[in-house]
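Before any comments, here is the structure.
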Amino acid sequence: MPLYEFRCAADCGPFERSFPMADVPRSVPCPGCDGDAARLVSSPRLGHGSSPATNLLDSTMRSAHEPAVVAGPPPRSSAGSSPVTTNPLHRRLPRP
Ligand SMILES: [Zn+2]
Numbered sequence: 001m002p003l004y005e006f007r008c009a010a011d012c013g014p015f016e017r018s019f020p021m022a023d024v025p026r027s028v029p030c031p032g033c034d035g036d037a038a039r040l041v042s043s044p045r046l047g048h049g050s051s052p053a054t055n056l057l058d059s060t061m062r063s064a065h066e067p068a069v070v071a072g073p074p075p076r077s078s079a080g081s082s083p084v085t086t087n088p089l090h091r092r093l094p095r096p
């Protein structure tokens, strides 16, 4: 169930309550003074997750608009040139 933010008509400050989306009331009793607290329009809390799936989605979305700057090719391994393929037929292909 989503969280909804309410603010008391007196000066009690905002508070949150969870309701089903179909049954959310326009006002609820304030937990501080039992007065009338109206529902507020607030932003959804998207992107607050820190799971690996959420991080992957965030980095994928970010890279679509802000690709990482690359200064050069990736560093080669210290063991020399490693073959790209192990198929012996590829050794007879012409070299650039
Ligand atoms: Zn109140």
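For the sequence shown, the UniProt record's numbering assigns the number 1 to the initial residue and increments by one for each residue that follows.
Don't be surprised by glycine CBs; every beta carbon is placed ideally from N, CA and C.
Note that the structure is a prediction, hence the values are computed from the model and not measured.
- A contact is defined here as three or more CB-CB pairs under 8 Å, and the stretch 30 to 40 meets this definition with respect to the stretch 4 to 11.
- Judged by DSSP secondary structure, Pro96 falls outside any alpha helix (DSSP H); it is assigned neither H nor E.
- Boundaries of the beta strand (DSSP E) harbouring Leu3: Leu3 to Cys8, taken from the DSSP string.
- Between the alpha carbons of Phe15 and Gly72 lies a distance of about 52 Å.
- Here DSSP, grouped into helix, strand and coil, assigns Pro31 to coil.
- Distance from Met21 to Pro52 at the Cβ level is roughly 28 Å; contact not present, criterion being Cβ atoms closer than 8 Å.
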